[in-house]
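Residue numbers (my numbering): 4 to 142.
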């Protein structure tokens, strides 16, 4: 598990895909540092339910390849303590209803998760974080 008082953040789908694959170099400096710290169990990164759905679909369609089948990867990722589940709750859905300036439903739900948890969002799209009123972690 992560250290007490360790930094916490919510990740969006692109950042997660790049962090878990061989594309970590595509992450912004601050985003990469946070994922590196998660690897060392020095921080906690929350994966929203919808980001997990998108990752699973990307794997199913062959757009993303993991070192394990998706179901096994997800089980081990959460069991390792590197990542934590951020469930899609009724509160997240209510918050997302107020974020229609964000055009994509998935982005709205992920941003709303960060709002509901009062955590920064790891995303390369600062407009999403700004619209949601949360800190953007990237470069």
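A virtual CB, placed ideally from N, CA and C, is assigned to each residue, including glycine.
Item                                                                                             : Value
Span of the alpha helix (DSSP H), counted from its first residue to its last, around residue 129 : 129-135
Delimiting residues of the beta strand (DSSP E) encompassing residue 89                          : 86-89
Buried or exposed by the 16-neighbour rule on C-beta atoms within 10 Å, applied to residue 116   : buried
Option in 58, 78, 85, 21 with minimal Cα separation from residue 49                              : 85
Collapsed DSSP secondary structure at residue 105 in the structure displayed                     : coil
C-alpha gap between residue 93 and residue 63, whole angstroms                                   : 27 angstroms
Reference residue 142; option with closest CA among 37, 24, 25, 16                               : 37
Nearest-angstrom Cα separation, counted from residue 39 out to residue 53                        : 23 angstroms
Where the beta strand (DSSP E) containing residue 95 begins and where it ends                    : From DSSP, residue 95 is part of no beta strand (DSSP E) but of the alpha helix (DSSP H) over 93-99.
Whether residue 15 touches residue 134 by CB criterion (7 angstroms)                             : no
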